[in-house]
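Undergrad: Got a structure for you, written out below as structure tokens; questions coming shortly.
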Amino acid sequence: MVTAKEYEGQVPAWCPGCGNFAILTTFREAMAELGIEPHQFTMVSGIGQASKFPHYIRCNTFNGLHGRTLPVATGLRLANHEMLVIAVAGDGDCYGEGGNHLAHTMRRNVNVKLFVHDNQIYGLTKGQASPTTGEGTKTKNMPAGVISEQLNPMALAVALDCSFAARGFAGDGEHLKGLIKEAVKHKGFTLVDILQPCVTFNKVNTYEWYGKRVYRLGPEHDPTDRSAAFTKALEWGDRIPLGVIYRRQRPIYEEQVPVLARSPLVRMPAAAPDIGPVLREFF
Amino acid sequence: MVTAKEYEGQVPAWCPGCGNFAILTTFREAMAELGIEPHQFTMVSGIGQASKFPHYIRCNTFNGLHGRTLPVATGLRLANHEMLVIAVAGDGDCYGEGGNHLAHTMRRNVNVKLFVHDNQIYGLTKGQASPTTGEGTKTKNMPAGVISEQLNPMALAVALDCSFAARGFAGDGEHLKGLIKEAVKHKGFTLVDILQPCVTFNKVNTYEWYGKRVYRLGPEHDPTDRSAAFTKALEWGDRIPLGVIYRRQRPIYEEQVPVLARSPLVRMPAAAPDIGPVLREFF
Amino acid sequence: MDYTIRIGGAAGQGIQTIGETLGRVFARTGYFVFTHQDYESRVRGGHNYYQIRVSTQPVYASRDGIDILVALDSETIPRYEKERTKRAQVVYDSSALKKTYEGPAFVDIPFARLAKEHGGSPIMANTVATGAVLGMLGMQLDALLALIAETFSKKGDAVISANRKAAQAGHDRAVDQCVTCSFAGKQEGATAGRKKRMLIAGIETIALGAIAGGCRFYAAYPMTPSTGVMNYIASKAEQFGIVVEQAEDEIAAINMALGASFAGVRAMTGTSGGGFALMVEGLSLAGITETPVVIAMGQRPGPATGLPTRTEQGELQFLVSAGHGEFPRIIFAPGTPAQALHQTARAFELAEKYQIPVFILFDQYLADSQWTYEDLDLSRVKYTDYRVRGRAFSALAQYRRHAYTANGVTPLGVPGDAKHLVVTDSDEHDEAGHIIEDGETRNRMVEKRLFKKLPRIQKEIAPPLFYGDPRPDVVITGWGSTYGVLREAVDELSATHAAALLHFTEVYPLPAADASGYLSALHKAGQTICVENNATGQFERLLRAETGFEFSGHVRRYDGRPFTVDSLVKELKGKIKKT
Amino acid sequence: MDYTIRIGGAAGQGIQTIGETLGRVFARTGYFVFTHQDYESRVRGGHNYYQIRVSTQPVYASRDGIDILVALDSETIPRYEKERTKRAQVVYDSSALKKTYEGPAFVDIPFARLAKEHGGSPIMANTVATGAVLGMLGMQLDALLALIAETFSKKGDAVISANRKAAQAGHDRAVDQCVTCSFAGKQEGATAGRKKRMLIAGIETIALGAIAGGCRFYAAYPMTPSTGVMNYIASKAEQFGIVVEQAEDEIAAINMALGASFAGVRAMTGTSGGGFALMVEGLSLAGITETPVVIAMGQRPGPATGLPTRTEQGELQFLVSAGHGEFPRIIFAPGTPAQALHQTARAFELAEKYQIPVFILFDQYLADSQWTYEDLDLSRVKYTDYRVRGRAFSALAQYRRHAYTANGVTPLGVPGDAKHLVVTDSDEHDEAGHIIEDGETRNRMVEKRLFKKLPRIQKEIAPPLFYGDPRPDVVITGWGSTYGVLREAVDELSATHAAALLHFTEVYPLPAADASGYLSALHKAGQTICVENNATGQFERLLRAETGFEFSGHVRRYDGRPFTVDSLVKELKGKIKKT
Ligand SMILES: Cc1ncc(C[n+]2csc(CCOP(=O)(O)OP(=O)(O)O)c2C)c(N)n1
Ligand SMILES: Cc1ncc(C[n+]2csc(CCOP(=O)(O)OP(=O)(O)O)c2C)c(N)n1
Ligand code: SF4
Ligand code: SF4
Ligand SMILES: [Mg+2]
Ligand SMILES: [Mg+2]
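These protein sequences, in sequence, are chains Z, L, D and Y.
Read in order, the letters of the first sequence correspond to residues 27 to 309 in this note's numbering.
Read in order, the letters of the second sequence correspond to residues 27 to 309 in this note's numbering.
Read in order, the letters of the third sequence correspond to residues 12 to 590 in this note's numbering.
Read in order, the letters of the fourth sequence correspond to residues 12 to 590 in this note's numbering.
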């Protein structure tokens with residue numbers, strides 16, 4: 027059996043007290059409990075504090091560009107759909123710079139597991155507003171405060187028929203671990219938006235702030251009812267639901283690409299095919 | 027009084043029978059009825075068949091890049107918020123290449139009027155699938171058919187709290203004209219998705235196909251109820267609702283930028299300000 | 012024999028069908044063919060043409076004079092009045108053009124009416140026109156009739172026979188009516204003993220080269236003139252085991268390709284300048300992560316949208332310097348469809364061997380132009396698997412994705428094939444692939460990625476082709492798609508000058524100057540003229556930047572049209588100083 | 012007097028506060044100051060430093076030897092052991108570092124304890140440290156005490172007085188304890204009669220230059236090292252009537268700027284290489300639509316994410332050739348904060364005058380480095396409104412946005428100001444701005460946009476700065492941010508060589524070679540050495556591409572760190588051949 031210890035990678039460069047630490051520990055535990063070994067999965071990330079995550083986990087890693095996590099993950103899955111592909115991104119990364127990829131990856135339903143460390147701020151670049159930053163928040167480059175309406179990732183996911191959309195909280199490790207495991211086991215694209223306190227730049231959405239508001243969704247919420255899921259997704263403010271907001275089982279992309287029924291691309295011969303016969307078609 | 031004739035621009039390069047012609051006529055009529063003169067508005071478009079639209083209307087025009095209609099329109103409005111800014115795009119343009127801008131422009135609620143000529147296909151590049159192309163549709167580069175789930179622009183708009191989201195149909199000119207006028211008068215970002223038959227490349231979603239399915243939304247639909255609007259937005263297939271799916275009046279971006287309360291930027295002096303006093307701060 | 016046929020008409024009228032059918036018929040009957048296309052950025056209407064040169068001698072480019080003009084719209088005849096040769100014949104349907112032209116040069120054939128009468132439906136008018144052209148040339152119909160049977164095999168015998176009748180009607184009418192045709196009767200019996208040839212365009216051979224090179228993953232966003240690569244590969248994807256993915260935008264396309272490449276397969280993307288502009292960040296990502304990728308870059312006139320369906324050699328400099336930071340790359344610029352096939356296949360080899368991005372830089376002209384070949388030599392396609400897979404990977408004692416090596420290349424491990432972890436990063440990283448901050452590691456990585464690879468990469472680059480007079484007074488230099496027209500121009504110049512062609516298809520890095528002595532050849536020549544399909548002389552500047560060499564003159568065209576032999580020769584003659 | 016102070020510690024410990032405070036105090040007391048920073052891409056922890064050079068003579072760069080080392084973390088002391096000069100003193104708090112160092116070079120001051128005892132709170136430890144450094148230098152506290160009052164004016168008297176006490180405590184303890192300090196006592200009275208100086212960094216002057224140049228719209232996406240421009244402009248946006256917009260991505264940023272510019276205001280964006288990669292398509296759009304835009308491009312080491320908080324001159328070639336298609340541009344690369352101000356303001360003038368994109372190409376080094384000035388000459392900032400507005404626009408008989416003109420520039424009408432329509436297009440267009448397909452219009456538009464503008468643009472370009480021996484044997488050449496260090500290096504070399512500096516701040520197009528005779532100066536020199544903060548010698552290549560000139564040698568640094576005087580001089584001496 028693989029233990030959480032075996033996932034320990036580089037020493038994190040996060041600020042002391044950062045919510046990412048809790049996610050890191052929880053993630054390692056979840057993977058150990060799932061019994062997935064380091065070489066059996068690949069993590070793809072972008073650029074930001076959250077995107078340093080794979081360096082702190084022992085695993086195959088493609089730490090790419092800011093915002094471009096999902097296309098890399100998609101390419102990986104299409105080349106090797108026997109590989110578990112996990113994508114990690116920040117809220118700026120994934121909802122800002124990379125918003126278009128998120129929308130279209132949800133539509134594709136590629137079997138990628140996306141975890142967004144949502145600290146409602148741009149951490150690494152020192153505190154600008156992200157799409158999930160609350161309206162009115164003042165930053166150095168927005169001294170008059172944020173004007174744009176706060177993005178609701180869960181509502182977006184329901185609108186795009188995301189196969190699995192859930193919210194976790196760095197401060198509720200047990201629950202988050204369950205979500206991570208559920209997401210990994212779910213067949214289809216999964217988005218887990220993880221509320222992650224940034225102790226340095228987000229002075230509003232702190233552990234305490236979240237702690238007062240979050241609650242675990244109970245069985246009364248039916249995540250397969252899309253309209254109900256949408257209404258639930260809109261809940262934010264005094265009470266913030268944690269758990270699976272929306273779930274729809276639909277065929278994954280990889281299974282619908284005819285050629286992949288044969289085998290993963292990476293298992294096909296690494297050799298030059300004979301194109302002689304098709305050349306004949308040009309006579 | 028300005029007449030529809032005064033908006034006549036270049037000779038359209040569309041295919042005979044293209045749904046764009048109907049939209050063109052309707053648009054000119056709507057503008058004439060609104061009494062907005064050609065120089066009083068600016069049209070921004072991208073690249074595609076739809077995006078040729080402003081050349082066929084006499085008006086100020088910035089025909090930019092594929093997918094980049096909305097940022098240009100936003101810049102225009104922020105520089106001159108007394109100018110009516112109309113954005114025209116194709117479904118590929120706006121939901122594909124430019125998807126990220128659409129999401130964030132909705133959040134901003136810049137007072138731009140967006141019309142998407144949604145022919146559910148890439149017209150100008152000869153018939154590839156767009157985000158709104160139906161699943162299973164076969165194209166030259168997708169001989170096995172479209173796998174990704176069809177994007178629902180109205181659901182997306184509701185999820186992003188778009189100030190005004192409506193659906194029109196090129197084949198129902200009267201109704202479309204009403205929508206165009208309503209959108210122009212609405213204060214806030216408006217998305218009008220116009221079902222537009224592409225007679226050359228979309229052999230599924232024809233005038234007839236739409237004609238059988240569309241119906242005008244009646245007063246029983248309350249576009250201000252977000253959850254109800256979402257449920258209505260999901261309606262697609264046998265019956266396709268036309269009209270305002272969602273409406274939420276909220277302050278426009280331009281009014282919340284403190285400096286714009288003074289005057290539009292373009293009315294401020296075109297002269298070098300004296301930075302002498304702020305230089306003192308570096309002593 | 013050397014005839015030029017131009018079919019003019021509106022988009023959607025079927026000029027492409029006529030053109031492709033004629034070209035195929037000529038190729039099958041053993042002629043040499045060269046075709047090129049001129050079309051607008053619209054789906055119906057406007058004015059386009061398809062031009063075919065057919066000859067008993069090898070042909071590599073289009074000529075300026077039109078011998079047979081097929082006019083499907085009313086614009087065709089007045090528009091090309093000056094381009095008609097003395098022997099030219101114009102074939103048209105006066106009822107369609109609503110105008111009759113007098114004089115022996117005009118052959119009025121009622122395409123639509125004959126189609127209806129003989130084929131049964133006016134939509135076969137193009138078949139009538141095709142038959143008519145063959146009739147005017149005095150050619151027999153056999154090859155066309157056979158092609159019709161193949162083309163419509165799925166539509167059944169009735170359609171086949173109707174089209175055959177329509178073709179026959181057009182043919183007969185032309186033979187009948189075109190008594191003054193200067194071509195008539197001359198071709199009889201000429202086909203005997205000639206070999207069938209293949210007719211193939213650059214866009215198809217790029218796709219074929221990709222398949223031959225072992226491409227397993229192609230992600231792209233549609234954009235003229237690259238879309239044909241995606242279409243062709245998609246049409247063969249099941250057969251060859253390839254995934255073709257239409258990305259949501261070009262940024263996604265290149266990042267998907269990098270993801271697939273990292274996972275262990277050969278991956279490619281294709282686009283044009285505007286789409287490539289969006290891939291530039293991803294290119295740089297390929298650079299620092301040392302992830303192989305092949306990029307088919309189809310040029311068209313810019314800036315921005317420019318003239319989307321036309322041709323230009325305007326992105327050479329853009330590609331040479333694209334990307335933030337410094338990393339190696341290779342740029343191939345094929346001059347012919349055959350070269351496009353071989354270079355694309357080789358692009359995959361080199362991309363994987365050096366773990367770098369490799370470009371196929373083509374343009375609308377090469378993409379759409381068809382050439383004839385007796386065959387294409389597939390024995391030259393090589394495949395070496397540079398990845399470490401399966402048991403070989405497991406057998407390694409340890410693995411670090413970016414370990415320093417003597418030659419700068421670290422084996423590419425396939426993630427998941429062994430317990431070794433494969434880690435890479437867009438940040439500057441250590442040998443294991445993890446983020447670093449120190450200057451020493453940075454220096455070593457730059458040495459590994461850049462300095463160690465560069466000289467080896469340059470050794471792979473083929474020298475330019477030298478053609479013509481071995482001791483030339485005048486050296487005409489060019490690169491990429493202009494090969495054919497430059498070659499023919501040099502042939503013509505040779506009548507009056509000691510002229511030679513120096514043609515580059517591997518443009519970056521430039522081949523080592525001493526390897527083939529091309530630089531000294533240039534220095535020796537009295538006059539050197541660089542011919543480019545752009546406004547600023549990008550190759551000229553590249554050669555100066557790399558070698559300091561200064562051309563004595565240049566010819567540049569930037570109106571979105573390709574060079575044609577006659578006008579180019581004229582322009583070159585004007586430039587060549589009398590000596 | 013010429014001292015170097017380095018403050019080392021982890022991110023978040025306040026080394027920046029100490030550094031900035033000391034720099035300000037020195038500048039106010041009339042010293043010449045140069046500061047630079049070295050930090051990691053993280054928010055807390057790791058190891059960073061802030062380096063201050065303070066002198067009674069003008070200083071333009073950092074030296075290698077440290078005279079006073081302020082150690083806030085345990086890494087500082089061992090890390091910089093070799094960089095300490097003979098006279099160096101290390102000041103630290105043994106209780107914070109959990110270690111005591113013996114010997115006369117070490118001054119152990121309990122920063123935190125003194126802060127608590129005198130100021131009341133341990134968070135004032137940095138104030139103690141700041142006071143201590145002044146004490147070690149034998150300087151008086153007046154300027155610091157005044158600065159404390161200003162800094163904390165909003166926090167009230169209690170905070171001010173506590174900080175003042177803390178500063179005093181640090182100062183006194185240093186004076187007391189640092190009896191062997193080689194600096195002690197030397198500075199007394201030296202400030203008398205000296206002028207207050209301003210202390211300002213490149214990133215601030217770019218922002219100030221933008222404001223001075225009439226920037227009304229700034230759209231950007233955060234990215235080191237450009238974010239400071241956005242932050243500064245935003246802080247003054249209300250005062251000067253500017254809209255600062257944080258875009259969803261860089262593509263949006265440049266397109267927003269173009270929209271605003273089209274609407275009639277001066278617009279700008281800023282980014283670094285990776286973000287600029289995403290703007291390349293928009294750049295080309297600016298090119299074909301002839302829409303003025305200013306782009307602040309802050310270089311950092313690539314490829315891709317690279318070393319995000321460090322410095323490099325790695326994007327010159329990228330910028331020269333960025334964009335599909337061919338269109339003019341200007342690239343300024345300021346060498347000093349003062350130049351950055353003037354060039355940024357001028358960028359707006361030239362962008363609007365020629366309707367082209369103009370770049371301010373800087374780097375992390377210039378961005379973060381602070382220089383002292385007596386003042387900045389604002390009289391050199393010019394503003395000409397090149398737009399046609401209001402009544403003047405209405406008064407035109409007709410208007411076509413892209414009408415051909417003798418000099419290629421068509422007046423920029425403000426949409427809505429008159430009944431004239433303003434129409435532009437990313438497609439090739441006619442004079443009115445509408446899509447065209449014909450070659451003739453295309454040719455005329457290329458002539459208008461490119462050929463007619465180019466020679467006039469080149470005339471605007473300032474010649475390089477020539478400094479040093481008027482008849483040099485050795486010419487050191489550089490561009491952009493290296494100005495200061497090259498100047499000091501040439502000063503040092505001058506002791507032994509006839510050396511001069513040729514420094515370019517307007518790098519593209521290059522100034523006309525004959526205008527200032529720089530090319531002949533290079534040709535005349537026995538040795539020419541090009542110094543660049545990159546791996547491949549991008550300026551060297553540019554000069555060769557444009558002029559064919561070949562340098563005799565070069566010095567390149569690409570580890571992400573800036574050049575410093577002493578090591579550069581050493582390296583240069585190694586390169587200079589003995590004659
Ligand atoms: C194309 C590009 N633009 C901008 C940046 C600069 N950048 C790095 S991380 C970041 C935002 C970080 O915010 P987020 O994604 O929320 O991650 P966090 O640091 O908060 O975890 C930005 C803007 C970049 N690296 N690349
Ligand atoms: C960056 C970029 N990528 C690709 C293209 C090629 N292109 C032009 S129009 C178009 C799609 C057109 O589809 P849509 O937006 O739906 O407009 P339609 O023609 O259907 O009206 C594409 C892919 C381009 N011009 N620019
Ligand atoms: S800045 Fe915020 S998100 Fe980044 S490491 Fe620090 S606490 Fe965490
Ligand atoms: S291709 Fe389709 S959308 Fe384009 S003009 Fe023709 S019918 Fe209209
Ligand atoms: Mg964040
Ligand atoms: Mg469309």
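The beta-carbon is built from N, C-alpha and C at its ideal position, and this holds for glycine as well.
(1) Have a look at Glu-543/D, Leu-294/D and Ser-505/D and flag the residue whose alpha-carbon is nearest the alpha-carbon of Ser-437/D.
(2) Quick check on DSSP: helix, strand or coil for Glu-199/Y?
(3) Closest to Pro-475/Y by CA distance: which of Leu-296/Y, Thr-216/Y and Ser-527/Y is it?
(4) With a threshold of 8 angstroms between beta carbons, is Arg-555/Y in contact with chain D?
(5) Using a Cβ-Cβ cut-off of 7 angstroms (strictly less than) and excluding sequence neighbours within five positions of Arg-242/L, which residues of its own chain qualify?
(6) When the Cα of Ala-129/L is compared with those of Thr-159/L, Thr-95/L, Lys-164/L and His-143/L, which residue comes out closest?
(7) Can you give, in chain order, each stretch of the alpha helix (DSSP H) that sits fully within the region 32–98 of chain Y and has at least 4 residues?
(8) Could you check the C-alpha separation between Tyr-112/Y and Val-190/Y for me, to the nearest Å?
(9) Within the present structure, is the beta-carbon of Gly-125/Z separated from the nearest heavy atom of ligand 5 by less than 7 angstroms?
(10) Closer than 7 angstroms by beta-carbon distance: list the chain Y residues that pair up with Ala-56/L, in chain order.
(11) Taking only heavy atoms of ligand 5 into account, decide whether any of them is closer than 7 angstroms to the Cβ of Asn-145/Z.
(12) Answer yes or no: the CB of Gly-194/L versus the heavy atoms of ligand 6, is any distance below 7 angstroms?
(13) Sorted by chain position, which residues of the same chain lie with C-beta nearer than 6 angstroms to Phe-370/Y's C-beta, five sequence neighbours on each side aside?
(14) On a CA-only basis, which of Met-168/Z, Leu-186/Z, Glu-281/Z and Pro-245/Z is nearest Tyr-229/Y? Give me that one, please.
(15) Indicate whether the contact test is met: 3 or more Cβ pairs, each with one atom in the region 537–547 of chain Y and one in the region 484–496 of chain Y, closer than 8 angstroms.
(16) So, using beta-carbon positions, are Ala-546/Y and Arg-567/Y closer together than 8 angstroms?
(17) With respect to 7 angstroms, is the separation between the Cβ of His-92/L and the closest non-hydrogen atom of ligand 2 below this value?
(18) Would you say Leu-150/L touches ligand 2, meaning its beta carbon is less than 7 angstroms from a heavy atom?
(19) Whole angstroms is fine: what's the gap from His-127/L's alpha carbon to Ile-262/Y's?
(20) For Asp-480/D, which residues of its own chain have a beta-carbon under 7 angstroms away from its beta-carbon, when the five flanking residues on both sides are left out?
(21) If we cut at 8 angstroms on Cβ distances, does Phe-256/L have a partner in chain Y?
(22) Taking Leu-389/Y as the query, report the chain L residues whose CB atoms sit under 8 angstroms from its CB, ordered along the chain.
TA: Looking at the coordinates:
(1) As a position in the third sequence, residue 437/D is number 426, starting the count at 1. If you compare the alpha carbons of Glu-543/D, Leu-294/D and Ser-505/D with that of Ser-437/D, the shortest gap goes to Leu-294/D.
(2) Taking the first residue of the fourth sequence as position 1, residue 199/Y is located at position 188. Bear in mind that a pLDDT of 48 at Glu-199/Y, under 50, signals an unreliable position, so the number given afterwards is only what the model happens to contain. Coil at Glu-199/Y, not helix or strand.
(3) The sequence position of residue 475/Y within the fourth sequence is 464, counting from 1. Pro-475/Y has its Cα closest to that of Ser-527/Y, out of Leu-296/Y, Thr-216/Y and Ser-527/Y.
(4) On the fourth sequence, position 544 is the one that residue 555/Y refers to. It does: the Cβ of Arg-555/Y has a partner Cβ on chain D nearer than 8 angstroms.
(5) Reading the second sequence from its first residue, position 216 is the one you call residue 242/L. The beta carbon of Arg-242/L is closer than 7 angstroms to those of His-201, Leu-268 and Gly-269 in its chain, skipping five residues each way along the sequence.
(6) For this step, residue 129/L is matched to residue 103 along the second sequence. The shortest C-alpha separation from Ala-129/L is found at Thr-95/L.
(7) Taking only runs of at least 4 residues, the alpha helix (DSSP H) segments lying wholly in the region 32–98 of chain Y are 87–90.
(8) As a first step, residue 112/Y is located in the fourth sequence; it is residue number 101 there, counting from the start. As a first step, residue 190/Y is located in the fourth sequence; it is residue number 179 there, counting from the start. When rounded, the distance between both Cα atoms is 17 angstroms.
(9) As a position in the first sequence, residue 125/Z is number 99, starting the count at 1. For ligand 5, no non-hydrogen atom lies closer than 7 angstroms to the CB of Gly-125/Z.
(10) Working through the second sequence from its first residue, we reach residue 56/L at position 30. For Ala-56/L, none of the residues of chain Y pass the 7 angstroms Cβ criterion, the least Cβ distance being about 19 angstroms.
(11) Locating residue 145/Z in the first sequence gives position 119, counting from the first residue. Yes, since a heavy atom of ligand 5 falls inside the 7 angstroms radius drawn around the Cβ of Asn-145/Z.
(12) By one-based count along the second sequence, residue 194/L stands at place 168. Not so, every heavy atom of ligand 6 lies at least 7 angstroms from the Cβ.
(13) Looking up residue 370/Y in the fourth sequence gives position 359. Within the same chain, Phe-370/Y has close Cβ partners Ile-306, Met-308, Leu-330 and Ile-342.
(14) As a first step, residue 229/Y is located in the fourth sequence; it is residue number 218 there, counting from the start. Considering only alpha carbons, the answer is Met-168/Z.
(15) Judged by Cβ distances under 8 angstroms, the region 537–547 of chain Y makes contact with the region 484–496 of chain Y, as three or more pairs qualify.
(16) On the fourth sequence, position 535 is the one that residue 546/Y refers to. On the fourth sequence, position 556 is the one that residue 567/Y refers to. Closer than 8 angstroms, so yes.
(17) One-based indexing of the second sequence puts residue 92/L at position 66. Yes; taking the cut-off as 7 angstroms, the Cβ of His-92/L has a heavy atom of ligand 2 nearer than that.
(18) Against the second sequence, residue 150/L aligns to sequence position 124. Checking the Cβ of Leu-150/L against ligand 2 gives yes.
(19) Here residue 127/L is taken as the residue at index 101 of the second sequence, counted from 1. Here residue 262/Y is taken as the residue at index 251 of the fourth sequence, counted from 1. C-alpha separation (whole angstroms): 9 angstroms.
(20) By 1-based counting over the third sequence, the position of residue 480/D is 469. Excluding five sequence positions before and after Asp-480/D, the CB atoms of its chain that fall closer than 7 angstroms to its own CB belong to Ser-505, Ala-509, Ala-510 and Ala-511, given in chain order.
(21) Here residue 256/L corresponds to residue number 230 of the second sequence, with the count starting at 1. Answer no: the Cβ-Cβ gap between Phe-256/L and chain Y never drops below 8 angstroms.
(22) Here the question's residue 389/Y lines up with position 378 in the fourth sequence. Against Leu-389/Y, the close residues of chain L are Asp-300, Ile-301, Gly-302 and Leu-305, in the order they occur along the chain (beta-carbon pairs closer than 8 angstroms).
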